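From first to last, the protein sequence lines are chains D and B. Under the working numbering, residues 1 to 266 are what the first sequence spells out, in order. Under the working numbering, residues 1 to 309 are what the second sequence spells out, in order.
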Amino acid sequence: MSAVEVTGVDKIFNAGKVAQVDALVGIDLVVEPGEFVSLIGPSGCGKSTLLRLIANLTEPSAGSITVNGKPAKQSRLDQDYGMAFQQAGLFEWRTVAKNIELPLELKGWDRAKRRARAREMLQLVKLPDFADHMPWQLSGGMQQRVAIARALAAHPPLLLMDEPFGALDEMTREHMQAELLRICAQTNTTVIFVTHSIPEAVYLSTRVVVMSPRPGRITDVIHVPLGAGRDDETRETGGFFEKITEVREALRGAELGGGVRGVEDR
Amino acid sequence: MSSVTAPPGTAPPAARAARPLWRRARRVLMFVLSMALIAAVWEGYKAVGPQNGGDVLGWKILPRAKDSIMPHISDIYSRFGDPINRASDETVLSVVLKGVWFSFRLVLAGFAMGLVAGVLLAVLMTRLRVAERAILPYLVISQTVPLIALAPLVATWGGKVEIAGWEWPRWLTASVLGAFLTFFPIAVGTLRGLQSPHPSALELMDSLASPWHRTLFKLRFPAAVPYLVPALKLGAAGAVIGVVVSEISTGLRGGIGRLVTEFGQKATSDPAIVYTAVIGASVLGLAMACLVALADALFMRNRPKETEA
């Protein structure tokens with residue numbers, strides 16, 4: 001069973017009006033369990049919209065989406081995925097531990113079980129001493145770690161991330177990328193990751209999905225066979241730079257040709 | 001947001017949030033000083049101001065400084081200790097305090113009613129965008145109706161209410177008018193607060209399959225608290241004004257509003273007593289302000305300081 005199956009999906013805003021926008025056209029994408037897939041493309045290419053469609057935060061105009069073999073809506077209701085945004089979006093009136101417990105509260109877990117899981121998640125993101133701190137006492141990178149802990153608190157098989165490191169400085173960002181890979185390997189989580197950054201996409205992903213705007217479509221899918229156990233040295237290997245060049249050229253081609261290279265899925 | 005990086009093992013939040021003692025002491029000192037300043041200006045004007053008032057550029061605006069209009073502060077102070085009249089042993093202080101206590105309870109009842117009505121309206125307007133467009137303009141218009149005109153109307157309507165043997169008590173009119181001035185700032189402030197969460201926070205709740213009412217209690221209400229605190233301040237002031245004015249307007253006995261008019265009639269023979277009632281009314285306002293400040297400190301503990309602005 002695939003983690004995510006997107007078949008023939010269109011998303012059109014303001015259909016039939018002057019302000020009609022074809023945000024996404026003819027999207028096909030299959031993500032297998034254990035994959036790390038990045039969606040990359042210029043602003044307005046619909047990559048965030050695609051993520052939000054998979055999360056069932058908005059409905060497609062055409063086509064179908066399944067997550068864990070279920071319709072997207074059912075998966076959302078079952079909390080089959082966790083989500084992280086560019087803003088850590090921690091609730092400032094809750095302690096760090098209570099923020100992580102939020103998804104568990106909504107699932108109706110009892111207090112003792114929630115506390116235990118929050119502690120476990122804080123170990124995972126290496127913030128064990130911050131359970132009772134308030135979010136505003138944490139740095140941006142630490143807040144984003146708490147957001148990841150919150151997204152994974154219910155142990156969902158899928159993690160959806162919308163530019164989660166976009167607001168961090170470069171050093172923190174690289175550190176968080178390595179941490180994310182470690183956490184996903186440790187928890188066996190499938191990830192779909194929206195980003196603007198080419199090195200970020202290449203470093204993290206098993207596959208990079210390149211998208212073009214107006215109308216939003218998938219123009220290229222690039223496999224990144226750098227293997228598991230990537231670290232800071234991976235960033236200095238020839239294979240890494242080759243893949244960066246490949247993604248950059250795919251992006252340029254997408255911008256110039258608008259899909260001349262054709263849709264090549266999987 | 002914050003760039004504060006708390007190293008492991010730092011003090012717990014509560015210890016950091018505690019306000020230094022000297023700052024509180026300075027606040028008390030400033031209050032005493034400002035009271036002394038007002039007294040000094042009062043007595044200073046009495047010393048140099050014209051006894052029968054004066055003109056500035058032909059406008060009669062300078063108040064009369066004579067004792068029958070502006071009594072000495074010491075006279076006002078000592079008047080509190082004197083009996084209310086020759087036939088009674090009760091001091092003015094006791095009468096004024098009883099009046100303040102009577103009105104305070106009406107203000108609390110009105111404030112509570114206004115708070116509940118305002119919050120419910122805000123929730124309704126958050127839930128239904130149509131309701132916001134339909135209700136909000138009427139709320140604004142409602143606040144332009146003069147209270148003096150409304151008070152007798154409410155008293156008349158209330159007199160006709162009788163539900164299963166329960167009759168509308170006269171004091172309820174004053175509380176209802178207090179609530180009438182309270183609910184508006186609370187409704188508007190709460191509405192803004194309920195709508196304040198970032199779209200991604202609402203999407204997060206959606207992604208967790210949170211039903212609307214759980215998002216209301218787990219996200220919208222906590223997010224509205226910083227907006228509610230200033231609204232409570234306005235609402236408390238409104239409740240005091242509503243109650244005092246309707247006490248005067250409907251002639252309700254027992255409260256500080258009634259004392260203000262009663263003592264006002266004695267102004268020519270007993271000028272100091274007028275000010276005892278006025279001071280009583282401001283004590284009532286102060287009491288409500290203190291209550292709100294207490295609520296503020298309680299709700300806003302552990303919040304980042306940026307949101308207080």
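Backbone N, C-alpha and C fix where the C-beta goes; we use that ideal spot for every residue, glycine too. Note that the structure is a prediction, hence the values are computed from the model and not measured.
Run of the alpha helix (DSSP H) containing residue i, from where it starts to where it stops
i, result
"Gly141(D)", "Gly140 to Leu152"
"Leu284(B)", "Pro271 to Phe299"
"Asp10(D)", "No alpha helix (DSSP H) contains Asp10(D), which is instead part of the beta strand (DSSP E) from Val4 to Phe13."
"Ile183(D)", "Glu170 to Thr187"
"Arg235(D)", "It is not in any alpha helix (DSSP H) - Arg235(D) carries neither H nor E in the DSSP assignment."
"Ile248(B)", "Phe221 to Thr250"
"Thr126(B)", "Val92 to Arg127"
Beta-carbon neighbours of residue i, restricted to chain D and to distances below 7 Å
i, result
"Arg312(B)", "Absent from the model: residue 312(B). The displayed extent of chain B is 1 to 309, so no value can be given."
"Pro222(B)", "Phe91 and Trp93"
Span separating the alpha-carbon of residue i from that of residue j
i, j, result
"Thr7(D)", "Thr144(B)", "58 Å"
"Ser207(B)", "Ile38(B)", "58 Å"
"Asp110(D)", "Ala116(D)", "10 Å"
"Glu120(D)", "Ile186(B)", "42 Å"
"Asp132(D)", "Ala97(D)", "6 Å"
"Gly140(D)", "Thr173(B)", "53 Å"
"Arg182(D)", "Arg252(D)", "31 Å"
"Thr215(B)", "Met142(D)", "25 Å"
"Ala15(B)", "Val4(D)", "Summary for Ala15(B): the model assigns pLDDT 45, below 50, so the residue's position carries little reliability; its value from the coordinates is reported in the next sentence. Approximately 48 Å, taken between the alpha carbons."
"Ile222(D)", "Val210(D)", "8 Å"
"Pro33(D)", "Val194(D)", "18 Å"
"Arg303(B)", "Trp93(D)", "6 Å"
"Ser269(B)", "Phe180(B)", "37 Å"
"Phe299(B)", "Leu226(D)", "52 Å"
"Thr58(D)", "Arg52(D)", "6 Å"
"Ser78(B)", "Pro71(B)", "11 Å"
"Gly280(B)", "Met30(B)", "21 Å"
"Glu308(B)", "Arg26(B)", "Bear in mind that the predicted position of Glu308(B) carries a pLDDT of just 41, short of 50, making it unreliable; the figure below should be weighed with that in mind. Whole-angstrom Cα-Cα distance: 21 Å."
"Ala147(D)", "Leu29(D)", "27 Å"
"Gly49(B)", "Leu150(B)", "40 Å"
Sequence-distant residues of the same chain with beta carbon closer than 7 Å to residue i, five excluded per side
i, result
"Val202(D)", "Val208, Val224, Phe240, Lys243, Ile244 and Val247"
"Ala122(B)", "Ala187, Thr190, Leu191 and Leu194"
"Val292(B)", "Leu232, Lys233 and Ala236"
"Trp136(D)", "Glu92"
"Ser48(D)", "Asp162 and Val194"
Proximal chain D residues relative to residue i, where beta-carbon distance stays under 9 Å
i, result
"Pro304(B)", "Glu92, Met134, Pro135, Trp136 and Gln137"
"Asp206(B)", "Ala55, Asn56, Leu57 and Arg76"
Span of the beta strand (DSSP E) around residue i
i, result
"Ala87(B)", "Element bounds for Ala87(B): n/a, residue is neither H nor E."
"Val25(D)", "Val21 to Val31"
"Thr66(D)", "Ala62 to Val67"
"Ala84(D)", "Tyr81 to Ala84"
"His223(D)", "Arg217 to His223"
"Asp206(B)", "Counting along the chain, Asp206(B) falls outside any beta strand (DSSP E), though it belongs to the alpha helix (DSSP H) covering Pro199 to Ser207."
"Trp59(B)", "Trp59 to Leu62"
"Leu160(D)", "Leu158 to Asp162"
"Val210(D)", "Arg207 to Ser212"
"Leu51(D)", "Looking at the DSSP string, Leu51(D) is not in any beta strand (DSSP E); the run it does join, the alpha helix (DSSP H), is Lys47 to Ile54."
"Ile192(D)", "Thr190 to Thr195"
Proximal residues of chain B, C-beta to C-beta of residue i below 8 Å
i, result
"Phe85(D)", "Ser200, Glu203 and Leu204"
Neighbourhood of residue i by C-beta distance below 6 Å, restricted to the same chain and skipping five residues each side
i, result
"Lys66(B)", "Gln51"
"Val95(B)", "Ile84"
"Ala239(B)", "Val107, Gly110, Phe111, Gly178 and Thr182"
"Gly44(D)", "Pro213"
"Ile100(D)", "Ala118, Met121, Ala149, Arg150 and Ala153"
"Ala72(D)", "Asn56 and Ile65"
"Lys266(B)", "Ile273"
"Ala62(D)", "Asp10"
"Leu136(B)", "none"
"Gly58(B)", "none"
Under 8 Å by beta carbon: chain D residues contacting residue i
i, result
"Ser210(B)", "Leu106"
Partner residues on chain B for residue i, Cβ-Cβ distance less than 7 Å
i, result
"Pro103(D)", "Leu208"
"Gln79(D)", "Leu208 and Ala209"
Contacting residues, own chain, Cβ-Cβ under 8 Å from residue i (five flanking each side not counted)
i, result
"Phe80(B)", "Thr91, Val92, Leu93, Val96 and Thr276"
"Ala295(B)", "Val229 and Leu232"
"Ala167(B)", "At residue 167(B) the sequence reads Glu, which differs from the Ala that was named. So the list reads Val161, once near-sequence residues are dropped."
Quiz item: Using a beta-carbon distance cut-off of less than 8 Å, what residues from the region 188–203 of chain B approach chain D?
Solution: His198, Ser200, Ala201 and Glu203
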